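Position 629 of the first sequence, counting from 1, maps to 629 under my numbering, and the rest follow consecutively. For reference, the structure discussed in these notes is given below.
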Amino acid sequence: MAWKYLNDFSWDLDPDLYGDRLYNPFTRELYSPLEELLGIGGTADEDIDSAVLFGTLRGNVVGLRYYTGVVNNNEMVALQREPNNRYDMNAIKVNNVNGEQVGHIKKELAASLAHIMDNKLAQIEGVVPYGAHNAFTMPVLLSFWGKAENKEAVLRNLSLDGFKLAPPGKSLGFGYSGTSGKAGTSYSAPVRAAVQMTTEQLKTEFDKLFEDLKEDDKTREMEAAEAVLTPLLPHQKQSLAWMVLRENNKELPPFWEEREDFFYNTITNFAEKKRPENVLGGILADDMGLGKTLTTLAVILTNFHSGKPLPLEKKSNQLKEEYSLQQKHNLKGPSVLETEEENDSVLPQSSCPKRDKEKKFTNTVSSDSEPEEKITLINTKAPKTQPGSRKRRKGASSDVVEDSAFASALGESATYSKKAKRKGTASALGKPTTYSKAKKKGGTAVQSKKSESEENLRATLIICPLSVLSNWTDQLEQHIDPAVHLNTYVYYGSERTKDPAVLSRQDIVLTTYNVLANDYSAKSNSPLHNFKWLRVVLDEGHTIRNPNALQTKAVLDLDAQRRWILTGTPIQNSLKDLWSLLSFLKLKPFTDREWWRRTIQRPVTMGDQGGLKRLQSLIKSITLRRTKTSKVKGKPVLTLPERKVFIQHITLTDEENAIYHSVKNESKAAISRYFSEGTVLTHYADVLGALLRLRQVCCHPHLCASLPPSTFEEGNGTPEQLRTKLIEKMKLVLSSGSDEECAICLDSLNLPVITHCAHVYCKPCICEVIQREKPNAKCPLCRKEVELQQLVECPLEDSDDTEKPAQEWISSSKINALMHALLDLRKQNPAIKSIVVSQFTKFLSLIEVPLRKSGFIFTRLDGTMRQKKRTEAIQQFQSSEAGSPTVMLLSLKAGGVGLNLTAASQVFLMDPAWNPAAEDQCFDRCHRLGQKQDVTITKFIVEHSVEENMLKIQDKKRELAAGAFGAKKPSSSETKINEIKTLLDL
DNA sequence: ACCGCCGGGTGCC
DNA sequence: ACCGCCGGGTGCC
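Written as structure tokens, this is what we have:
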């Protein structure tokens, strides 16, 4: 069991508990109670956050003449161990900010430092006070940072070799002096660390980071291209203008200045002749529901190259027929040149942007005049619709559908049509679809990363979580003129293309983080990675917050001219999560984590004003953020109907109460034993297990019946027993209603497997790790050794029914309360739609019975459903037709942020979530853009139960968290113990 | 390197 | 002189 390793590895997390997360309303950070209660969390990287300055030491860099890396006065340098150096295994390289080697640390000092670095006793950072004009050696000022408990060891090690650190009080400690921007000036002007701000000040400052909309470039508005049928709201016109400005921007990136014939970085004092590239893109961090998707589509259509709209052909019937003929013709065999000539006369380049380097193509796409001509073609404007209203698609005709069948039979992309979608065929995401068919042509247009010129780039890659993939296709259909040839390819499913030529023909390619990561790890060929994109857009961009996750690496390895991150939660998990995002944006020098840490992350977490200033100006220059309460010209961005939350207290029946108390007493007994043994914290998994049971009994006595009784004991049995136990444990994880996530990809579990150390991952994720680290692969959560053969898979679908066969259905107090409310509503107005939310899918199943009995038409959405069924469920529920479902049974975390359930005006939360953020997100699914009615939320809470206690602790945590900033502040063990006592009334 | 270090040449004042 | 001193060769790790 996982807690066995807690003593050895301070950052062990039991995934069993990982999903039960609490919410920090300020940082919008989700954190698990386990991390909180044990005062742990994060990865080894966080050691750097809590580092203190041990002191400084002057040393020498030698061998300058052998290397090309140059440095300026006061420039920061990085130290890098070089254990395989053939002359000295203690060798330490010194690199400049660009990663070019400058020299080596002189060998005597290196011999002493190597030990410290290899054992991670300290992080050693260098600043070269006098770096320019040194031919052979140069001095370097070294700062030693590390955990306080390692300070003595470091000092001892150094003094054994005759080195002595100057005490930290003598130095500023950031490697540069706050606002002057001169790296390293501090060493000669020693001061105590810059004026430290209080937590409160920091919080205020941080709030300001995203709220400043006064600048001109963020308030200017811009109209979208004609092909965008939905009129943009004022704030969306602002985002469009700002994004177009960012994409066409020719300025130097933040913190760079042009000086004489060099470009200077004012933070690191690095300089180079080459002009640093600016980010053509940034972060659109608008709150959920402000229309990031629509705005992004508008950018794609509006800013092709140099501010001109994407050249798109207007479809006409004649064109379509010829096109369709062409299609069939080409599918018969490899195309020949004559055919292409024909093609071009019928359908110019729009559907085939990157065919080859022939002149005709270059002319049509990259010349300045040509795109304008195209625009005139689409000038016949369709009547615009109001935002949120659905645009009926007129263009789809049967020949297109036929064509799609033809195409998909050959494994090619299929034509998307609304008609087909209504029949439920083309909506299947399992196969590639395009909105309008790209011309098939014989493999002449293989695009290569290097040889294409930037003007020829056309395709935008959009990467999103699977749960919002359909949102993109829906919105494309909803907002884009159907009469326009917008080539769209959904890169998903087993039939996805391997042919870059197919991608090169697209305007938009949609895929998911998981598909991207899978392709990336399957190294063989990932067409997405062997391609230069015009744009890459990350939807729910905080998905890549974990720098070690495969998904993040796969994303960072994409090649694109312009890069966008869409996210509603800019700093979801404290400052360090920002790094992956900046790294994606390729902002020099922050793509290297060391420079990010040294210049921003650590100074800010230590309360340095200069660091915060830098962070502010950085964020300001690349981020646009509006909240639901932001205003444009004095008016709120959005006016949503009211949202009211009621708590309805439930009194259990005597019978239920008896069950509750017996479970409670049993748990109490076990946990009291841990108290007396003083092992509460090491048995925390059991504590949460007990809480889970109590929460379940509050809902329905049948819910906790299938819990494995073995949770309270340890020990090993036969391999078969172990296997059974692991499967049980995994099932508990999967069915606990917490919508477990994989600690590697941080996404929902996909093909869950459990390790012998009882941690659950996606099979592809953990296999990747084992492959990469073999032969010594370790569990990413507990560092225990893992092997491929030891992974236990979850047996398929013997599910609830077989587990508990003939248990007769009974009601419960909560079910009665719900049914009472639903029947009441129906009496008032039979058209009212309600969402019934629980963390326990089994509970939802139990609720189905009385719903059916009372004649409710309902639908259901939970994490176990395939994408196709999900889409169906949502569409049925959202339909306003008579006979459409009036109740949706929803598992708390199903669907993700993109889920739109605005048809509902009532939400019933059957059980409180650990994590108020999850509740809020859930409410936002119906209380969002498009909601016309007031929304009423009813939370059912059993009085005098663990549920009430959960609310209390949540409130307390909210308060506590509101005062915290950035880094996690683990509560004292006294607090932890008290919390457990509160929860269990001990 | 306008240094340090090495090793050969050399040796009263 | 088993030294000192001189001056040329030489130079990261």
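Glycine residues also receive a C-beta, built at the ideal position from the N, C-alpha and C atoms. It should be emphasised that the depicted structure is a prediction, and the values quoted were computed from it without experimental measurement.
- Going by beta carbons, LYS778 and GLU785 fall inside the 9 Å limit.
- Distance from the CA of GLU666 to the CA of ASN776, rounded to the nearest whole angstrom, comes to 42 Å.
- Residue environment analysis places SER159 among the exposed positions, since fewer than 16 neighbouring C-beta atoms fall within 10 angstroms of its C-beta.
- Closest in C-alpha terms to ARG563, from the list MET243, LEU142, SER880, comes MET243.
- Between LEU889 and LEU851, the gap from beta carbon to beta carbon is short of 9 Å.
- The closest CA to that of SER521, considering only ASP557, HIS700, ALA122, is found on ASP557.
- Residues of the same chain with their beta carbon placed closer than 7 Å to that of ARG772 are lacking, with the five preceding and five following residues left out of the count.
- The segment 916 to 940 is shown to contain whole alpha helix (DSSP H) runs of 4 or more residues at 916 to 924, in chain order.
- Of the candidates GLN601, LYS588, PRO764, GLU872, LYS588 places its Cα closest to the Cα of PHE270.
- For TYR264, the pairing in a beta bridge is given by DSSP as GLU257, ALA271.
- Secondary structure note for HIS661: its alpha helix (DSSP H) is the uninterrupted segment 654 to 677.
- Burial check for PRO780: the Cβ neighbour count within 10 Å reaches 16 or more, so the residue is buried.
- Residue pairing for ASP559: DSSP places it in a beta bridge opposite LYS532.
- The three-state reading of DSSP puts SER50 in coil, since its state is none of H, G, I, E or B.
- When DSSP states are grouped into helix, strand and coil, VAL515 belongs to the helix group.
- Contact annotation, PHE923 with ALA903: C-beta distance approximately 15 Å; criterion of less than 8 Å not satisfied.
- In the structure shown, LYS613 falls within a helical segment according to DSSP collapsed to helix, strand and coil.
- Between LYS628 and the set LYS620, GLU642, ILE622, the nearest pair of CA atoms involves GLU642.
- In the structure shown, TRP564 falls within a strand segment according to DSSP collapsed to helix, strand and coil.
- Setting aside the 5 residues that flank it on each side, THR68 is surrounded in the same chain by GLU100, each with a C-beta closer than 7 Å to its C-beta; the list follows chain order.
- In this structure, PRO912 sits away from ARG614, with a CB-CB distance that is not shorter than 9 Å.
- For THR460, the beta-bridge partners assigned by DSSP are ILE508, ARG535.
- LEU951 has no beta-bridge partner at all, per DSSP.
- Taking C-alpha positions only, ARG597 is separated from LEU640 by approximately 40 Å.
- By the neighbour-count criterion, in which 16 or more other beta carbons inside 10 Å mark a residue as buried, PRO167 falls on the exposed side.
- Collapsing the DSSP output to three states places ARG81 in a strand.
- Taking C-beta atoms as the reference points, GLY282 and ILE622 count as a pair closer than 9 Å.
- Annotation for VAL140: the continuous beta strand (DSSP E) segment containing it runs 137 to 146.
- The three-state secondary structure of LEU751, taken from DSSP, is coil.
- The segment 784 to 848 contains, as complete beta strand (DSSP E) runs of 3+ residues, the segments 834 to 838 (chain order).
- Residue environment: GLY610 is assigned as buried (16 or more neighbouring CB atoms within 10 Å of its CB, all protein chains considered).
- Each of GLN789, LYS939, LYS932, ILE754 was checked against the Cα of ILE835, and the nearest Cα belongs to LYS939.
- By the Cβ rule, the segment 925 to 941 counts as touching the segment 641 to 656, because three or more pairs are nearer than 8 Å.
- Take the alpha-carbon of ILE815 and the one of VAL468: they are about 31 Å apart.
- For VAL697, the three-state secondary structure derived from DSSP is helix.
- For LEU890, the enclosing beta strand (DSSP E) begins and ends at 887 to 891.
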